[in-house]
Structure formats: C-alpha cells, structure tokens
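Quick notes on the structure that follows.
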Amino acid sequence: MENPLLDMPGLPPFGRIQAEHVEPAIDALLARNRARISDLTRGEEPPTWERFIEPLEMLGDTLERAWSPVGHLNAVMNSEALRAAHNACLPKLSAYGTELGQNRELFEGYRAVAAQEHLDATQRQLLNHALRDFHLSGVDLPPEKQARFKEIDQALAGLTAKFAENLLDATHAWSKHLTDEAALAGLPVSARALARQTATQRGEEGWVLTLDFPSYQPVMTYADDRELRQELYEAYVTRASELGPHGGQWDNGPLMEEILALRHEQARLLGFANYAERSLATKMAGTTDEVMGFLNDLADRVAAKAREELAEVRDFARSHNGATEIEPWDLAYYSEKLREQRYAITQEELRPHFPLDRVIEGLFAVLERLFDISIQEVQGVETWHPDVRFFEIRARNPQVSEAAATDKGSHDATVIHQARADEATHGIADSIPDKTAAGQGELRGQFYLDPFARPHKRGGAWMDVCVNRLHTATVDQIPCAYLVCNFTPPVDDQPSLLTHTEVLTLFHECGHGLHHLLTRVDYPAVGGISGVPWDAVELPSQFLENWCWERESLDLISGHVATGAPIPEELFQRLRAAKNFQSAMQMARQLEFALFDFRIHLEYDPARGGRIYEILEEVRDQVAPLKAPAFNRFAHGFSHIFAGGYAAGYYSYKWAEVLSADAFSLFEEKGILDTDTGRAFRQHILEQGGSRDAMELFVAFRGRKPTIDALLRHSGIAA
Ligand SMILES: [Zn+2]
800 MENPLLDMPG
810 LPPFGRIQAE
820 HVEPAIDALL
830 ARNRARISDL
840 TRGEEPPTWE
850 RFIEPLEMLG
860 DTLERAWSPV
870 GHLNAVMNSE
880 ALRAAHNACL
890 PKLSAYGTEL
900 GQNRELFEGY
910 RAVAAQEHLD
920 ATQRQLLNHA
930 LRDFHLSGVD
940 LPPEKQARFK
950 EIDQALAGLT
960 AKFAENLLDA
970 THAWSKHLTD
980 EAALAGLPVS
990 ARALARQTAT
1000 QRGEEGWVLT
1010 LDFPSYQPVM
1020 TYADDRELRQ
1030 ELYEAYVTRA
1040 SELGPHGGQW
1050 DNGPLMEEIL
1060 ALRHEQARLL
1070 GFANYAERSL
1080 ATKMAGTTDE
1090 VMGFLNDLAD
1100 RVAAKAREEL
1110 AEVRDFARSH
1120 NGATEIEPWD
1130 LAYYSEKLRE
1140 QRYAITQEEL
1150 RPHFPLDRVI
1160 EGLFAVLERL
1170 FDISIQEVQG
1180 VETWHPDVRF
1190 FEIRARNPQV
1200 SEAAATDKGS
1210 HDATVIHQAR
1220 ADEATHGIAD
1230 SIPDKTAAGQ
1240 GELRGQFYLD
1250 PFARPHKRGG
1260 AWMDVCVNRL
1270 HTATVDQIPC
1280 AYLVCNFTPP
1290 VDDQPSLLTH
1300 TEVLTLFHEC
1310 GHGLHHLLTR
1320 VDYPAVGGIS
1330 GVPWDAVELP
1340 SQFLENWCWE
1350 RESLDLISGH
1360 VATGAPIPEE
1370 LFQRLRAAKN
1380 FQSAMQMARQ
1390 LEFALFDFRI
1400 HLEYDPARGG
1410 RIYEILEEVR
1420 DQVAPLKAPA
1430 FNRFAHGFSH
1440 IFAGGYAAGY
1450 YSYKWAEVLS
1460 ADAFSLFEEK
1470 GILDTDTGRA
1480 FRQHILEQGG
1490 SRDAMELFVA
1500 FRGRKPTIDA
1510 LLRHSGIAA
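Under my numbering, the first residue of the sequence shown carries the number 800, and numbering increases by one thereafter.
As structure tokens, this is what we get:
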C-alpha cells in the first residue's frame, strides 16, 4: 500500500492521508527507528556528534513529522476511524518513549559525546538536556533502586488516572432538575438553553443544571436565587471527597496521600530532597527558595489590594441588594453586578470593531514592524479544509542568508517546500523560486491558520508543530506550524467578527507560533519551543497579548465593520479600565493555588503525611481575602496537580506572566512599535528556543533579571 505518511518530502499531503495509513506508518517507523538505534548504539566506531546525535535527531524528526498531521487531523477533522487509528498508536508511541529514556546504551552514547571537545553551546545544551532527562527517568540508578523507580512510575500512572476518574464520576453524579423557570431568574439565555437541552437529552421536562463548568459557572455568576447558588457551590466544592451530597463515594483523599508519598519517594531515589526540587530540575526557576520567595513576595504585595476589592463588593452588595454578608457563593454574583454597573462593557459590544480580516492584517502589520519580518499569504497549498489559510514568513538577516546562499544542501530542502506550494498553485514545479526573494529576506517559516469553529473540530485555540527546523550538512528543513482557533464563522454576508478576548487569543497563539517559526537553532530537541522550560514557554505568547491593549496597535487591528473607523476613545478607555477589575483578587486566588501546590510537595514528610488541608488552611490565611467554609474540599478536585502535569509547577503561570510583563515594559520605555527593541526580542528570545538557559536569554534581552514591578503595574496593583 502506498502510504503518504511514509513519503513526505515536503508539507503533509492532507488530501491523501487516510485513517488506514496511520497505524502501518507508525508501526513501520517505530520498527525502523528501533533497528537504527540498535545499529547506532552497537556501532564499531565511537559515537560522535555527526555519527550518533545527528542521526538520532533525524530519526526523531521523521517520526514526529509523520505523527504531526495525524494528531492534528484528529483534533481538527475528527472521525471515528481516525480517532481509533490515532488512539491505537498512543500506547505504542509512549512505550517507545519510555524505552528510549530507559535505554542504557543510548545513555552511554550521549555521555560519550558530551565528554568530547569541539562542541558549540547549542550542542552542549542539547546533550545536557538529554543527560538530565535520562537521569530523571532513572536510567543510571542501581538495579534494585531502578526496579522500585519503575514500580512507582506505574503506581503513579494508575493513581493519577483514578483521581481524574473519581472527579469525573463525582461531577457527573450530581444534577438538579427544575420545573419552574422562575428558579433560573438572572441567567442569560445561553445558560437557560443549555439547561433546557440537558433536560431534553435526559428525556425530562424543564431544566437540568449540572456541575460541568458551562452549567455551574453561569449559575454562580448570574442566578438571582441565593439558595440555588449555595446548593451548587456546596456540591461543587465537595466533589470526590468525604463530604457533600455524594460524600465518600468517590473520595480522592487516600489517593492524594499516596500520590504525594510516591512522588516524594521517587524524587529521593533520584537524589532530590523532595518532589518540588525534582520539579525544578527542568524549569527556569533555580531553587525552591527562589520559587517560595517569588510567591510570598507577590502574595505580600497583593493581599491588601485584594481585601480592598472584596470590601468594594461587600459595600456594593449591602447598598444595592441589602445583603448582609458576602459568602463564597455570593462573590461571583455581586462582582458581576458591580462590573456591569461600573464599566457597562460586554464582549458582544466589541465585535463590530474587530472583523477577522482586519485583525489579521493588523496583527501582521504589528509583527512585521516589531520583528523586521514580512508575512505573505500563499494560495493553493493543500490543506484539510477550505477555510484554512497558509502563510510564509521571511526575515532580513544578512549574515545568515549569505551563509545559506552558499550552502547547497540548504537550498535544495527549501525547494521541496517551495515546489510543492508551486505545484499546488500552477500544477507545475518547473519554476523554482529563490529562497531569498528580492528585498523580502530569507524564507524562515510557514504556517496554516484554521480560524473557525466547525463540527468535528476540538474547541479552544492552540499552536502545534507541523515541521521542525532541522539543519545539518545534508538537510535544511524550514519550520512549519498550525495555528488553530475557534472563532465564529462568517454568517450570510456578515464577516467573522471577533470579541476582544478572541483577538487576545489570536495574538497569544501567534506568539507561540513565532517562537517555533523564527528559531535559528539547528536541532529540533532544543529548537523553537522544544527544550524551553515550562515556566518560560508562555513568555512569547503572553508577551504578544500586550499589543491588544495599546492605542497605537489597536488602531492597526481594529476597524468598524460598517465604517472602518478605529475604536472610539471612550470605548477604549472602558476596555482598559475593565481589564483590571478585581485583578488583585484573581491574582490572590492563583497564588493560593500555586503556594498550596508548591508547599505540599516541598514540605512533604513521610513521618507526618501530606498535611494537605493543614497547609491549604495556612495558605488561605496568608492570601485568600474571603475565607472558604470548613467543608470546602478544593484540593480533592485539583486535577492540575494530582492528575495533570502541573505538580509543584502551578507557579509557572505567574512566573511566565512576570517575564512577559517585564519584557513588554521595555517597549513601554522605548516605544510600543520600536523595531530595535523588537529585533532584540526576536534575536535573544524567539530565535534561540531552548538552546540556552532561559534566564540567560531573558537577561540578554532585558539587560537584567526579571522583576515583578511591571506585572503589578499592568494589573493595576501598584502604580
Ligand atoms: Zn499558551
């Protein structure tokens, strides 16, 4: 069978990839990779960078390139057959990954190369990361410890999956059936429709409320019926615990204790003092003291303002509704009323100012000016859906393009991409465009934009890697990305109109995209977003969002759908003012999660157990403006850290925000669209990927280490 996934010299031939190609291709590639790795590790000659590392990078890249369109299509053009094929490959790929991590001979090979001289900084970084990851997978442990390490790995996989399962079951077990619409007073039309639809699906009359977020959240924010809010709150915050309506049925308590104990034991096996220290082994933050200092410092600065914000809600509730005291189930409700009264701004009101085409045009104009690049649409490239658009990024970079022009290998690989694009447009591939088209700079990256929501497409927005940059003596691969959003499609003759939040989303994903596409790093393992620590990877994305809040850039990305006029000053001012509504309370909440997460992993003591609610109580006394009731079992539903990848890493959200705010503050000093500053960001951050220490890169751009001042100022917490 001819298999397009096994024959991809250029971009993926989306029109030809079928579900039946997936498993055979992955099986063939895994078998081939295993055989090649076995040859490489048992070769006669000693391993060197060229003989050992480069071939391994290329093996990994080929597998990734075949898998990328599969994962992507599964997300954006889902079908039963594709999902089955995709899911059938997941355990195979994860087994392969584990196998590599545990491969002692492979580890020895990397170690031998790392001991050699004549390696550049990027190569050193790649080897350091690889050796670190081998160590973290327990490959260098003595046999009995290694056996225990693997045992813990398996046990943790089971326990964390069970945690998520319990939470899901507990969430779905509860619902409230209403037969009188009066009980829904205050709820917006969309929330009522959802409740009605849920009832219909269950074959019931009336309305059904559930603890799923799209049902729960509007009730807490809008329902006038206080008892209803209280009832949902109590059910929600006791899910999967020993308390509440299903108390004890799906209790995550014992699992949480076990998870903490095993993480601690595993960290100790690897030589770390605790799991928090283990978590930082792959992050930008240096020490656990540094993280605690960072969180405590922010908490100190935010606490007073958060209490003030709560007092405002309390006063508002008293004067407008005669409510005596604010309980946790009142907070969102009165906050929303206060917000409406103060700013009278809705996302719907903003839509006519942001027609999608205008936003894209403005976004590119901003990027072109900032980063000294040019972005052009290319017609006729094969995609997976007619809505999808394709773009190329070129950059002026005199030194690099000179070098590339004399490099035969590099030229040929570009041609593959170019010729394919050309072929699709004209049906011929005889005219081969030059990599450096006149005056536009060198071709640096390509990306697909899939903007609209549609059936069989996963919700949300994301950037994903299609092709990595890979540059060796024989290959020069141009990076390619998928940018996926779920905007409202055009209806009749009305173009797609975005809310301001959606504009932020587009900028955010574009930030990730540029990090991948503008990379100058030759090896995928530390190029683009790969090898960038988790607490730094959101820097470019959050950073780019800033341009959605500035008059100068908003004028480029907005234009009224009827008149093309820029956003009126009065609306702009309201938008800016509403941005920081209750920002201190929101930050206090994030800090509560982050401090709790970090401390339970840092302070774990086998003799005393997890002390989960004891520590949560202490953290709440420190940062929470409104005391949670004693029955609140928040931790039992905190799947980010007990079932997801954020254990001792929840602080990353705030850490990256500090970086992005501080990076942006340089533009506030030098000019919002200052090309010199933008070019510096491109060179020091976007082009370097994970090839250098994240702090080193930040300092190279900013001229000093990050400080929290800009974030506090942007959030309206400090002047
Ligand atoms: Zn992101």
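For every residue, glycine included, the Cβ atom is placed at its ideal position computed from N, Cα and C.
None of the values given here were measured: they were computed from a predicted structure.
Exercise for the section: Output the distance between the C-alpha atoms of Asp1508 and Val1101, rounded to the nearest integer angstrom. Expected result: 12 Å
Handout entry: beta-carbon Glu1301 near ligand 1 non-hydrogen atom, thresh 7 Å
Key = Checking every heavy atom of ligand 1 against the Cβ of Glu1301, none is found closer than 7 Å.
Practice task
Tell me whether Asn1267 is buried or exposed, calling it buried when 16 or more other Cβ atoms sit within 10 Å of its Cβ.
Solution key: So Asn1267 counts as buried.
Exercise for the section: Would you decide whether Asn886 is buried or exposed? Buried here means 16 or more other CB atoms lie within 10 Å of its CB. Expected result: exposed
Handout entry: Counted within 10 angstroms of its Cβ, other Cβ atoms place Lys1453 as buried (16 or more) or exposed
Key = Lys1453 should be labelled buried.
Problem - Inter-residue Cα distance where the pair is His1152 and Leu872 - result: When rounded, the distance between both Cα atoms is 32 Å.
Exercise for the section: Could you have a look at Asp1156 and say whether DSSP puts it in helix, strand or coil? Expected result: helix
Exercise for the section: Could you give the DSSP three-state label for Trp866: helix, strand or coil? Expected result: helix
Problem - Assigned secondary structure, Ile1174 (DSSP; H/G/I helix, E/B strand, else coil) - result: strand
Problem - Which of helix, strand or coil DSSP assigns to Gln784 - result: Past the boundaries of the shown model lies residue 784; the chain is included only from 800 to 1518, so the question cannot be answered.
Exercise for the section: Tell me, please, whether the segment 928-935 touches the segment 1396-1403 by the rule of three or more beta-carbon pairs shorter than 8 Å. Expected result: no
Problem - Proximity test, Glu1337 beta-carbon vs ligand 1 heavy atom, cut-off 7 Å - result: yes
Handout entry: Buried versus exposed call for Pro846 [16 or more other C-beta atoms within 10 Å across all chains shown]
Key = buried
Exercise for the section: Identify whether Ala1060 lies in helix, strand or coil by the three-state DSSP scheme. Expected result: helix
Handout entry: Check whether Leu1282 and Tyr1322 have beta carbons under 8 Å apart
Key = no
Exercise for the section: Return the chain-ordered ranges of every alpha helix (DSSP H) run that is complete within the segment 1082-1134 and spans a minimum of 4 residues. Expected result: 1087-1120
Problem - Check whether Leu1097 and Leu1390 have beta carbons under 8 Å apart - result: Yes, they are a contact pair.
Exercise for the section: Tell me whether the beta-carbon of Leu1079 lies closer than 8 Å to the beta-carbon of Gly937. Expected result: no
Practice task
Quick one: grab the DSSP three-state call for Ser1357.
Solution key: coil
Handout entry: Inter-residue spacing [alpha-carbon to alpha-carbon] between Val1036 and Phe962
Key = 15 Å
Problem - Near ligand 1: Ala1307 beta-carbon under 7 Å from a heavy atom - result: Here residue 1307 turns out to be His, not Ala, going by the sequence shown. The answer is yes for His1307.
Problem - Inter-stretch contact (C-beta, 8 Å, three-pair minimum) for the segment 1183-1198 and the segment 1325-1339 - result: Cβ pair count under 8 Å is below three, so no.
Handout entry: Stretch-stretch touch, CB-based, cutoff 8 Å, three pairs: the segment 1346-1362 with the segment 1460-1473
Key = Output reads yes: the segment 1460-1473 touches the segment 1346-1362.
Handout entry: Residue(s) in a DSSP beta bridge with Tyr1445
Key = Note: Tyr1445 sits in no beta bridge, so no partner.
Handout entry: Spatial neighbours of Glu1135 in its chain, beta-carbon cut-off 6 Å, leaving aside the 5 residues before and after
Key = Spatial neighbours of Glu1135 in its own chain (CB-CB distance under 6 Å, excluding positions within 5 residues in sequence) are listed in chain order as Thr1020.
Problem - Closest residue to Gly1121 among Arg1025, Ile1174, Asp1171 (Cα-Cα distance) - result: Arg1025
Handout entry: Which of helix, strand or coil DSSP assigns to Arg1253
Key = In the displayed model, Arg1253 falls within coil according to three-state DSSP, outside both helix and strand.
Exercise for the section: Tell me Cys1309's beta-bridge partners as DSSP assigns them. Expected result: In the DSSP output, where bridge partners are listed per residue, Cys1309 has none listed.
Exercise for the section: Please confirm whether any heavy atom of ligand 1 lies closer than 7 Å to the CB of His1315. Expected result: no
Problem - ligand 1 heavy atom lying under 7 Å from the CB of Ser1340 - result: yes
Practice task
Name the residue from Arg1188, Phe1170, Asp1171 whose alpha carbon lies nearest to the alpha carbon of Gln1178.
Solution key: Arg1188
Practice task
May I ask which residues mark the beginning and end of the beta strand (DSSP E) holding Ser893?
Solution key: Careful: Ser893 lies outside any beta strand (DSSP E), inside the alpha helix (DSSP H) at 879-900.
Practice task
Could you tell me which residues DSSP puts in a beta bridge with Ser989?
Solution key: Beta-bridge pairing links Ser989 to no other residue.
Handout entry: Close Cβ partners of Thr1604 (< 8 Å) along its chain, the five nearest in sequence each way excluded
Key = Beyond the ends of the chain as shown, which are 800 and 1518, falls residue 1604; an answer cannot be given.
Problem - Exposure label - Pro942; buried when at least 16 CB within 10 Å - result: exposed
Practice task
On the DSSP bridge assignment, give the partners of Ala1194 in chain order.
Solution key: Ile1172, Glu1241
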